[in-house]
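Since the structure comes first, as structure tokens, the remarks are kept for the end.
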Amino acid sequence: MTLFYIGMFLSLWTLGTIMLVNNYNNKYTYWMSIMFLIAGFASFSLVINQSFLPFLREHGTSPLQIEYIRITTIGLWGVEYHFLPYLFLMGSLVFSGRCSRNIYHLCFWGLLVPIMIYLFTVPTYYPEARFGGTIFKVISGLYFFAGIVMYLLSYYKEKNPVYRRNRFRTNLVVIAISFVYSSDYYGVNYILIGKHGLVMSSNNLWRFNFLIVIWLVLFFIYFGLRYGFMGIKLRIEQQKLDFSMRSLTEGTVILNHSLKNEVQKITYLSERIKDSIHFNQKEEALQDVCNILNVTKHMLDMVTRIKEKADEIVLKEQPQQLSQLLDTQLPSISTILQEKGITLQRHYQIDPVILCDPAHIQETFSNICLNAIDSMEPGKGKLEVILTEMQKEVALFIKDNGSGISKENAVKIFDPFFTTKKGSLHYGLGLSYCYSVMKKHGGTLKIFASEIGKGTIMEMRFPRKRILQLRASDKKDYMAESKKISV
9 MTLFYIGMFL SLWTLGTIML VNNYNNKYTY WMSIMFLIAG FASFSLVINQ SFLPFLREHG
69 TSPLQIEYIR ITTIGLWGVE YHFLPYLFLM GSLVFSGRCS RNIYHLCFWG LLVPIMIYLF
129 TVPTYYPEAR FGGTIFKVIS GLYFFAGIVM YLLSYYKEKN PVYRRNRFRT NLVVIAISFV
189 YSSDYYGVNY ILIGKHGLVM SSNNLWRFNF LIVIWLVLFF IYFGLRYGFM GIKLRIEQQK
249 LDFSMRSLTE GTVILNHSLK NEVQKITYLS ERIKDSIHFN QKEEALQDVC NILNVTKHML
309 DMVTRIKEKA DEIVLKEQPQ QLSQLLDTQL PSISTILQEK GITLQRHYQI DPVILCDPAH
369 IQETFSNICL NAIDSMEPGK GKLEVILTEM QKEVALFIKD NGSGISKENA VKIFDPFFTT
429 KKGSLHYGLG LSYCYSVMKK HGGTLKIFAS EIGKGTIMEM RFPRKRILQL RASDKKDYMA
489 ESKKISV
């Protein structure tokens, strides 16, 4: 049986590592990865106590060295036994997606309290460690039961058919994992790690835990590669999008998308210049001419980099004051805002200097803003640009009060060629390109929030390694009405 237990902890550690490496930014992946890594501690400690330590004793290894190893197995098994129910429940809370940030932090600390009180008052650890007993059967049972309920509710309440199928597959795995409670908690009277060996009083169901691991590995290989499960895909959307961008052989298609937006801006500006000349408003006309020159300069820059957009994006990095970068780009959409009677608000809570490719970041920002503008009703629209700090990272939010994005479309908006807009000039490449730009910067682009009929918040986030300087903004919030906008 020793080989089975070696296979168990190696399989669990491998699964946990693969999940963490492939999708480390996902909070659910984080919790499940940690759970799998820690779940391997028990079988690892079992192998050490039943096979490795007897071998060392027979070959005259120093008793002090043996004791160090034994104490290490006590710590590892203790962590696995006492914290696995906590990790299981926290993973279920994140997976449900119905846990606000405040509730999440409350559960993060609050659920640890009963376990920590138990650890400091009940078990003995040295010279012999004794785990188990009625009290922890109750605690672990409540945690496992609550976790299973959260998984089941997340399935029954999910309306999106794509998400629902994924949650069903996850629940199949969760039902298998929950067998651990019957074998390792309810069925165990006590686990004694003594100086002369390991003693376990139980119903011996724990001996069949390797079947759970086999079930889990098979699910991971089949469903993980084909569909994805537990919120995770090895063939994750990020990689799919990156390869999709590389597979585009016609660079002009993407370039046309960028040029289309810029030509639209030039058209609006040209109409304004005509009106300004007609009413002898020279200053306004000169300002619009400068705006046109900025737009054409940006167009030329994008033309020279067509291959980079069609194949792999190559960054030309330099330090940039992000607020200044945004303020430089906003004039190119100001005329569209005025034309549609949309209010612009800027809220710069921080004023960071980041290492980035300014052309690509400006194009990404512009694309997201234009999508937001298209979604809003003329004369009633409100566009907000919010620059703030979140978890020591720089977050840029673009918020609108437009039509919103349905759950069905939300899972596809970053796919190349997917678009809900009608007309031959819409290629469905804007957000796909934007996503690739942020991914190349080591950051993320995602829908932060969206509700049909109420609007959308898009989030661009830059990682800590990109931040060269982070300070509070000394700029006041700006608000520009549609008829008086000047940015």
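Numbering (our numbering), first residue to last: 9 to 495.
Positions of the beta carbon are idealized from the N, C-alpha and C atoms, including for glycine.
None of the values given here were measured: they were computed from a predicted structure.
{"Check": "Spatial neighbours of L206 in its chain, beta-carbon cut-off 8 Å, leaving aside the 5 residues before and after", "Outcome": "L54, N57, Q58, I199, L200"}
{"Check": "Contiguous beta strand (DSSP E) assignments of at least 3 residues, all confined to the stretch 311 to 382", "Outcome": "326 to 329, 351 to 356, 361 to 364"}
{"Check": "CB of R469 within 8 Å of CB of K400, strictly", "Outcome": "no"}
{"Check": "Where S70 falls, given that 16 or more other Cβ within 10 Å makes a residue buried", "Outcome": "exposed"}
{"Check": "Three-state secondary structure assigned by DSSP to Y198", "Outcome": "strand"}
{"Check": "Per-residue burial, E291 [other beta carbons within 10 Å of its own, 16 or more giving buried]", "Outcome": "exposed"}
{"Check": "Residue burial classification, D296 (beta-carbon count within 10 angstroms, cutoff 16)", "Outcome": "buried"}
{"Check": "Pairwise C-alpha distance: F152 and E88", "Outcome": "14 Å"}
{"Check": "Residues that E392 bridges to, as DSSP identifies them", "Outcome": "Q353, K407"}
{"Check": "Three-state secondary structure (DSSP) of E397", "Outcome": "strand"}
{"Check": "Continuous beta strand (DSSP E) assignments of at least 3 residues falling wholly in the stretch 136 to 183", "Outcome": "137 to 139"}
{"Check": "Local Cβ density within 10 Å of K203, reported as buried at 16 or more and exposed below that", "Outcome": "exposed"}
{"Check": "For F456, the first and last residue of its enclosing beta strand (DSSP E)", "Outcome": "452 to 459"}
{"Check": "Alpha helix (DSSP H) runs contained entirely in the stretch 46 to 104, provided each spans 4 or more residues", "Outcome": "61 to 66, 71 to 104"}
{"Check": "Proximity to I42 [Cα-Cα], best of I376, L28, S51", "Outcome": "L28"}
{"Check": "Integer Cβ distance of V445 from T372, believed to fall under 8 Å", "Outcome": "5 Å"}
{"Check": "Y163 beta carbon less than 8 Å from that of F144", "Outcome": "no"}
{"Check": "Any 3 or more C-beta pairs closer than 8 Å across the stretch 323 to 342 and the stretch 366 to 382", "Outcome": "yes"}
{"Check": "C-alpha gap between K165 and K282, whole angstroms", "Outcome": "56 Å"}
{"Check": "Sheet register partners of V207 (DSSP bridge)", "Outcome": "L200"}
{"Check": "Per-residue burial, S209 [other beta carbons within 10 Å of its own, 16 or more giving buried]", "Outcome": "exposed"}
{"Check": "Per-residue DSSP class, three states only, for K35", "Outcome": "helix"}
{"Check": "DSSP-derived helix/strand/coil call for L119", "Outcome": "coil"}
{"Check": "The stretch 63 to 79 in contact with the stretch 30 to 40 per 3-pair CB rule at 8 Å", "Outcome": "no"}
{"Check": "Nearest candidate by alpha-carbon position, reference A480, set V102, L330, R175, P93", "Outcome": "L330"}
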